[in-house]
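**Q**
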Amino acid sequence: MNPSLWQNRRVLVTGHTGFKGSWLIKWLDLMGAETLGISLAPDGFSAYEKLKLSPRAKSLTMDLASADGLEAAVAGFKPEVVFHLAAQALVGRAYERPLETFRSNVMGAVRLLEALRTCPDLRAVVVVTSDKVYRNLETGRPFQEDDPLGGTEPYSASKVCQEQAAAAYGASYFLPHGVGLAAARGSNVYGGGDYHYDRLIPGLIDGLLRNQPQPIRNPGAVRPWQYVLCLLEGYLRLAEELLARTPERVEGWNFGPSLDQCVTVGRIVELLSGAAVFGDTPAFAEAKTLCLNAEKSAAELGWRVRVPLEEGLARTLEFCRRERGGERTDDLMREELERYVQACSAEL
761 MNPSLWQNRR VLVTGHTGFK GSWLIKWLDL MGAETLGISL APDGFSAYEK
811 LKLSPRAKSL TMDLASADGL EAAVAGFKPE VVFHLAAQAL VGRAYERPLE
861 TFRSNVMGAV RLLEALRTCP DLRAVVVVTS DKVYRNLETG RPFQEDDPLG
911 GTEPYSASKV CQEQAAAAYG ASYFLPHGVG LAAARGSNVY GGGDYHYDRL
961 IPGLIDGLLR NQPQPIRNPG AVRPWQYVLC LLEGYLRLAE ELLARTPERV
1011 EGWNFGPSLD QCVTVGRIVE LLSGAAVFGD TPAFAEAKTL CLNAEKSAAE
1061 LGWRVRVPLE EGLARTLEFC RRERGGERTD DLMREELERY VQACSAEL
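If you count the sequence shown from 1, position 92 lands on 852 in the numbering used here, and the numbers rise without skipping.
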């Protein structure tokens, strides 16, 4: 990863008020990028409202799916790089509100791509999808990028549609004009600054700090959890690769831990020493096992999960303890980002 490459570069980030978006916009700001974030208003579930960003970081509150004012905002900013993170990202909510989910995840992406295709300075677009885009036959084998896609519930299906739309726009409008476009398929992430307590790890940590057992579903489900900065490093490395070369086609890239780091929900409870109440199976279908093969990202981008699961959980728990003890969230995020970047630099 090359931090100097981001100095003064114009970077558009959608969904910047979310959990991952908050960390990404902070990281880009620390590297000296000129950023524009476009998102719905902060909903209180992320650390965004606690960030202290430089004057280079601009923010717009906008619903991408409605597109009112989107083209003018994009044209005025003239982005060189785009990270599209904006989405309805909760599987349970998608099951309850499928229309909202398809509108946000599919039409939000389409309207953004439409606004981008006439940007003269655009060089690279990273569309963030999900590890859940693969057709899961429950074989237990980690998914590779060339495996078939297919969604069996609204969230995964919406992300498959998003990838198909990105591939069509990429082949028709972006790649022929030297603009690189790729889909980033990342696994479940965790870290400080996530206040969605209905998610497994934030909920467990919240319950642990309040000494209150948390309801847990599907304790035997296997998932590829990874520390949030590891995944964001993958996004940044992918964008750098697109800046270096324009791919021949819109490719998917996996970012997830090795198979030995894919553990059950029950194991996460054990690692956090948290009390839990194991509840009923949810009404919607969830995959029993979900793991990614990230050998392509390792070989071609030099990416890997740098923070093992146990260490990452410990760092997240410490972040939350210090935050609730009164330390400023922005200071904690800066400290954690500087620690991570130093570790990356030490390996060069």
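The beta-carbon is built from N, C-alpha and C at its ideal position, and this holds for glycine as well.
So what does I798 bridge to, in DSSP terms?
**A** According to DSSP, which records beta bridges pairwise, I798 is partnered with T774 and L820.
**Q** I need the straight-line Cα distance from S947 to S814, nearest angstrom please.
**A** C-alpha separation (whole angstroms): 30 Å.
**Q** How would you label L859, buried or exposed, when you count the other beta carbons within 10 angstroms and need 16 or more for buried?
**A** Answer is exposed; the Cβ neighbour count stays below 16.
**Q** Please return the same chain residues whose Cβ sits closer than 6 Å to the Cβ of V920, not counting the five positions on each side in sequence.
**A** Within the same chain, V920 has close Cβ partners V893, L909 and G911.
**Q** Please confirm whether R883 and G940 have their CB atoms less than 8 Å apart.
**A** Cβ distance < 8 Å, so R883 and G940 count as in contact.
**Q** On the three-state DSSP scale, how would you describe T899?
**A** Coil.
**Q** What does the alpha-carbon distance come out to for the pair S932 and G963?
**A** Cα-Cα distance, rounded: 43 Å.
**Q** Among all the DSSP beta bridges, which residues are the ones paired with V1101?
**A** Answer by DSSP bridge pairing: none, since V1101 is not bridged.
**Q** Provide the residue span of the beta strand (DSSP E) that contains P858, from first to last.
**A** Where P858 is concerned, there is no enclosing beta strand (DSSP E), although the alpha helix (DSSP H) it sits in stretches over P858 to F862.
**Q** Determine whether the beta carbon atoms of R997 and M761 lie at a separation below 8 Å.
**A** A contact, by the Cβ cut-off of 8 Å.
**Q** Once the 5 residues before and after V1065 are set aside, which same chain residues still bring their CB inside 6 Å of it?
**A** Here the set comprises Q986, C990 and P1017.
**Q** Once the 5 residues before and after L876 are set aside, which same chain residues still bring their CB inside 7 Å of it?
**A** Closer than 7 Å at the Cβ level, and outside the excluded window around L876, lie V834, V842, L882 and V885.
**Q** Return the chain-ordered ranges of every alpha helix (DSSP H) run that is complete within the segment 907 to 950 and spans a minimum of 4 residues.
**A** Segments of the alpha helix (DSSP H) lying fully in the segment 907 to 950: 914 to 929.
**Q** Check the C-beta distance from Y855 over to P914 and give it rounded, since I have them as a contact under 8 Å.
**A** The pair is a contact, with the Cβ atoms about 6 Å apart (cut-off 8 Å).
**Q** Which residues share a DSSP beta bridge with L1052?
**A** Bridge partners of L1052: F903.
**Q** Excluding the five sequence neighbours on either side, which residues of its own chain have a C-beta within less than 8 Å of the C-beta of V771, listed in chain order?
**A** Counting only Cβ-Cβ distances below 8 Å, and skipping sequence neighbours, we find L788, A793, E794, T795, L796, P839, E840, V841, V842 and F843.
**Q** Let me make sure I understand the geometry here. Which of Y995, V773 and R977 has the alpha-carbon closest to that of S819?
**A** Of Y995, V773 and R977, the residue nearest in Cα terms is V773.
**Q** Could you check if A999 is buried or exposed, using at least 16 other CB atoms within 10 Å of its CB as the buried criterion?
**A** Label assigned to A999: buried.
**Q** Do A825 and T889 have their beta-carbon atoms positioned less than 8 Å apart in this structure?
**A** Result no, Cβ atoms of T889 and A825 do not sit closer than 8 Å.
**Q** For Y987, which residues does DSSP report across the bridge?
**A** Paired residue(s): Y950.
**Q** In the DSSP assignment, the beta strand (DSSP E) including E1011 goes from what residue to what residue?
**A** E1011 to F1015 is the span of the beta strand (DSSP E), which, as asked, contains E1011.
**Q** Just to confirm before moving on: does the CB-CB distance between D891 and L1052 stay below 8 Å?
**A** Cβ distance < 8 Å, so D891 and L1052 count as in contact.
**Q** Would the beta-carbon of P979 fall within 8 Å of that of L1050?
**A** Cβ distance not < 8 Å, so P979 and L1050 don't count as in contact.
**Q** Indicate whether G1012 and R970 have their beta-carbon atoms separated by less than 8 Å.
**A** Not closer than 8 Å, so no.
**Q** DSSP state of T1076, grouped into three classes?
**A** It is helical.
**Q** Anyone know if the C-beta pair for G868 and A846 falls short of 8 Å?
**A** Yes. Within cutoff.
**Q** For V988, which option in E1055, P936, F1079 and E1060 has the closest C-alpha, if you only look at C-alpha atoms?
**A** Comparing Cα-Cα distances from V988 to each of E1055, P936, F1079 and E1060, the minimum goes to F1079.
**Q** Could you tell me the distance, in whole angstroms, from the CA atom of R863 to the CA atom of V870?
**A** Rounded to whole angstroms, R863 to V870 spans 10 Å at the Cα level.
**Q** From L873 to L897, what distance separates their C-alpha atoms?
**A** C-alpha separation (whole angstroms): 32 Å.
**Q** Taking C-alpha atoms, which residue in L1003, Q904 and V982 lies nearest to K1056?
**A** Considering only alpha carbons, the answer is Q904.
**Q** Report the residue from A1059, R1009, L992 and G967 whose alpha carbon sits nearest the alpha carbon of R1081.
**A** Checking every option, the nearest Cα to that of R1081 belongs to G967.
**Q** Under 8 Å by Cβ, that's how I've got F805 and H956 pegged, so tell me the actual separation to the nearest angstrom.
**A** Confirmed, Cβ separation roughly 5 Å.
**Q** Closest to W1063 by C-alpha separation, out of E1095, R1094, L992 and E1070, would be which residue?
**A** That would be L992, whose Cα lies nearest to the Cα of W1063.
**Q** With a cut-off of 8 Å on the beta carbons, I'd call V1023 and I976 a contact; round off their distance for me.
**A** Actually they are not in contact, since the Cβ atoms of V1023 and I976 sit about 14 Å apart, beyond 8 Å.
**Q** Taking the alpha-carbon of L1032 as reference, which of R1009, E1070, D1091 and R1005 has the nearest alpha-carbon?
**A** Cα-wise, what sits closest to L1032 is E1070.
**Q** Ignore the nearest five residues each way along the sequence and tell me which others in L1092's own chain have a CB closer than 7 Å to its CB.
**A** Cβ neighbours of L1092 beyond the five flanking positions: G952, F1079, R1082 and E1083.
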